[in-house]
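Visitor:
In this note's numbering, the protein residues as written are 54 to 429.
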């Protein structure tokens with residue numbers, strides 16, 4: 054059986070976990086939490102990085118930081134994970150979905166401005182498969198309308214746009230360290246804060262609404278409740294696991310990129326018949342996902358079944374949020390759904406993980422090519 058994903062383990066994680074136990078502080082904001090935050094700041098050049106229990110928690114923090122309230126609107130793609138919308142719905146905000154670009158599966162920057170209303174408080178972009186949205190145009194739109202931008206960069210550690218790490222271009226960025234991601238700790242996330250004026254309040258909200266961080270720095274003689282907040286800290290054992298993984302980031306990214314490129318080369322002959330991933334020239338991807346686009350949803354099901362019979366796991370991805378029960382209840386789609394439903398219904402992800410051997414990859418691509426030789 055070739056699974057869709059095998060979470061990477063370097064072999065160094067246990068030593069870091071044992072060291073964390075010896076340090077006798079397993080709550081958040083211990084040695085490994087701080088070490089990971091420093092490492093992520095060094096990698097991304099973000100002004101401040103705060104580890105969180107998940108990317109979902111990081112997105113929820115941005116909603117609190119923006120003081121979103123009932124009836125506020127947040128523009129976002131419909132082709133994304135539910136957390137992208139839920140984080141803002143929890144504050145009473147309304148997701149306003151706009152169509153995507155068929156080439157990258159990212160939000161279509163040309164449709165954002167028309168969706169802005171007096172109620173719009175934020176734009177959330179999701180960089181699909183570690184490939185950047187058109188951030189220069191999106192930031193220009195946001196600046197014209199004085200709107201904050203949140204980058205859902207859950208899949209993006211090691212991805213860049215015009216030399217800038219994804220998650221550092223908008224006012225906020227969020228990472229995921231779920232076991233399906235390139236670098237993981239089972240469950241984990243991070244909030245990247247790129248607006249200096251928002252750092253202090255982010256630290257307060259993350260510490261249950263207290264100024265505990267100022268107390269630890271010796272800035273106040275005791276800490277107390279000063280703002281809204283929540284318990285949004287990653288435990289030290291997870292942080293220790295993550296620290297070991299971060300040491301492998303460059304090597305793992307290169308391995309995934311090589312596998313991604315090999316898929317593209319092997320399947321290049323199908324490019325005129327079905328869709329293959331496209332990476333714009335201003336983007337550097339991180340090899341997170343390799344997908345192809347079948348001609349329709351029925352063909353995708355047939356290909357999944359074809360691979361499954363040969364013990365290969367392939368999976369589709371997000372069901373558009375605007376087509377769901379909660380999507381109808383909490384948000385609405387602005388403009389025409391020209392691509393979101395059709396393109397998401399065609400997309401199929403192939404196995405991609407660092408230990409995927411060439412022999413296994415050849416088996417996968419041969420079966421895909423065989424399927425299309427019979428059906429084209």
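Even glycine gets a Cβ: it sits at the ideal position worked out from N, Cα and C.
Bear in mind that the values here come from a model prediction, so they are computed numbers and not experimental data.
1) Would you call the stretch 123-131 and the stretch 260-276 touching, i.e. three or more CB-CB distances under 8 Å?
2) Can you round the beta-carbon distance between residue 418 and residue 319 to whole angstroms, since I take them to be within the 8 Å contact cut?
3) So residue 107 packs on residue 229, CB below 8 Å; how close in whole Å?
4) For the beta strand (DSSP E) containing residue 67, name the first residue and the last one.
5) State the Cα-Cα distance for the pair residue 192 and residue 176, rounded to the nearest angstrom.
6) For residue 347, which residues from the same chain have a beta carbon less than 7 Å from its beta carbon, with the 5 sequence-adjacent residues on both sides left out?
7) So what does DSSP say about residue 390, is it helix, strand or coil?
8) Helix, strand or coil for residue 158 per DSSP?
9) Return the first residue and the last residue of the beta strand (DSSP E) that residue 402 is part of.
10) At a threshold of 7 Å, does residue 231 count as lining the ligand ATP (C-beta to nearest heavy atom)?
11) Who are the near neighbours of residue 116 in its chain, counting only those whose CB is closer than 6 Å to its CB and skipping five residues on each side?
12) Following the continuous alpha helix (DSSP H) through residue 316, name the residue where it begins and the one where it ends.
13) Please report how far the alpha carbon of residue 406 lies from the alpha carbon of residue 231, in whole angstroms.
14) Considering only the alpha carbon of each residue, which of 292, 296 and 344 lies closest to residue 317?
15) At which residue ranges does the stretch 239-314 contain complete alpha helix (DSSP H) runs of 4 or more residues, listed in the order of the chain?
16) Is residue 57 closer than 8 Å to residue 367 when the C-beta atoms are compared?
17) Starting from residue 418 and walking both ways along the alpha helix (DSSP H), at which residues does that stretch end?
18) Could you name each continuous beta strand (DSSP E) segment of 3 residues or more that falls completely within the stretch 340-391, going from the start of the chain to the end?
19) Quick one, which of 411, 79 and 286 has its alpha-carbon nearest residue 262's?
Guide: The short version:
1) Taking 8 Å as the limit for Cβ pairs, the verdict is that the stretch 260-276 does not touch the stretch 123-131.
2) Rounded, the Cβ-Cβ distance is 4 Å, consistent with contact.
3) 7 Å
4) Note, residue 67: premise wrong, no beta strand (DSSP E); alpha helix (DSSP H) at 66-75.
5) 9 Å
6) 327, 353, 356, 399 and 401
7) Of the three classes helix, strand and coil, the one that applies to residue 390 here is coil, per DSSP.
8) coil
9) 400-402
10) Because no ligand of any kind appears in the structure shown, any question about the ligand ATP cannot be addressed here.
11) Shown here for residue 116: same chain residues with a beta carbon closer than 6 Å to its own, the five before and five after excluded, namely 140, 141 and 144 in chain order.
12) 302-319
13) 14 Å
14) 344
15) You should have 252-259, 265-269 and 289-299.
16) yes
17) 411-428
18) 344-346
19) 286
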